[in-house]
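Going by UniProt numbering, 108 is the number at position 108 of the sequence shown; the sequence numbering is gapless.
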Amino acid sequence: MYRKVENAPREAEDFELPFEGKLSQDNRWVIMASLVPWEEFEEEYAQNFSAEMGAPALPFRVALGSLIIKEKLGISDRETVEQIKENPYLQYFIGQRHYSSEAPYDSSLLARFRERINVNLVNRINEKMVKKSQSETDEEAKKKVPKSKVKKEESQPIKDN
């Protein structure tokens with residue numbers, strides 16, 4: 001059974017840390033979380049489950065996020081769960097609302113995640129992430145260069161030395 005979870009934090013500042021701390025917006029996991037099209041592919045993931053039977057499955061963000069963490073860090077299934085358990089940035093990345101020192105799931109579930117999220121889906125997600133990253137980079141570059149400077153430089157003739 002699959003139930004869509006609506007309570008994943010939208011922004012890093014919504015993630016609750018002990019002692020009222022805040023996650024850094026410059027952290028690589030926070031940045032990557034903003035690039036992954038979590039909701040766009042959730043419906044496709046949910047089709048792997050019955051609507052009425054069985055225990056509720058973990059959300060798509062937990063499954064995909066865990067697989068990304070495992071591959072990015074080059075670690076085992078067990079170590080992936082341990083890293084997530086210890087790191088609030090990784091917990092935010094997989095969609096938890098607040099820090100917890102408990103393991104989010106048993107490491108054996110990573111094998112199930114790999115079965116349900118195939119290579120084709122991962123490639124499509126990667127393409128979307130790259131496009132989003134490129135468009136954000138292009139937008140930032142446009143903001144940094146004043147329009148008057150661009151026009152002035154374009155109108156200057158090239159001088160031979």
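Positions of the beta carbon are idealized from the N, C-alpha and C atoms, including for glycine.
Any non-hydrogen atom of the ligand FAD within 7 Å of residue i CB
i	result
Lys72	With respect to the ligand FAD, the structure shown offers nothing to examine, as it has no ligands at all.
Three-state secondary structure (DSSP) of residue i
i	result
Glu39	helix
Gln47	coil
Glu153	Because Glu153 carries a pLDDT of 49, less than 50, the predicted location of this residue cannot be relied on, and the following value inherits that uncertainty. Three-state DSSP puts Glu153 in a helix.
Asn161	In this predicted model, Asn161 has a pLDDT of only 49, less than 50, meaning its place in the structure is not dependable; the value taken from the coordinates is given anyway. Here Asn161 sits in coil by DSSP.
residue 190	Since the first residue shown for the chain is 1 and the last is 161, residue 190 is missing from the structure and cannot be characterised.
Ala141	helix
Gln25	coil
Asp106	coil
Arg124	helix
Lys131	helix
Arg116	helix
Ser76	coil
Residue(s) in a DSSP beta bridge with residue i
i	result
Glu16	His98
Reference residue i, options the options, closest by Cα
i	options	result
Glu71	Phe15, Val122, Lys142 and Lys144	Val122
Thr88	Ala12, Val5 and Glu6	A small correction: the amino acid at residue 88 is Pro; Thr does not occupy that position in the sequence shown. Ranking Ala12, Val5 and Glu6 by Cα distance to Pro88 puts Ala12 first.
Lys22	Pro37, Ser135, Tyr92 and Glu82	Tyr92
Arg78	Leu64, Tyr105 and Ser135	Tyr105
Leu17	Ser135, Asn120, Glu139 and Tyr99	Tyr99
Ala33	Phe19, Glu136, Arg10 and Glu43	Arg10
Val62	Ser135, Glu39, Glu139 and Ser76	Glu39
Glu6	Ser76, Lys143 and Gln96	Gln96
Val36	Gly74, Ser76 and Arg124	Arg124
Val119	Ala8, Lys4 and Leu64	Leu64
Glu43	Leu73, Lys132 and Lys4	Lys4
Lys132	Glu20, Ile31 and Ala8	Ile31
Contact under 8 Å by Cβ, residue i with residue j
i	j	result
Tyr45	Ile117	yes
Lys85	Ser66	no
Phe41	Phe60	yes
Tyr2	Ala55	no
Gln83	Ile69	yes
Inter-stretch contact (C-beta, 8 Å, three-pair minimum) for the region 128-137 and the region 44-62: no
Below 8 Å, how does it come out for the region 108-117 and the region 18-29: are there three or more Cβ pairs, yes or no? no
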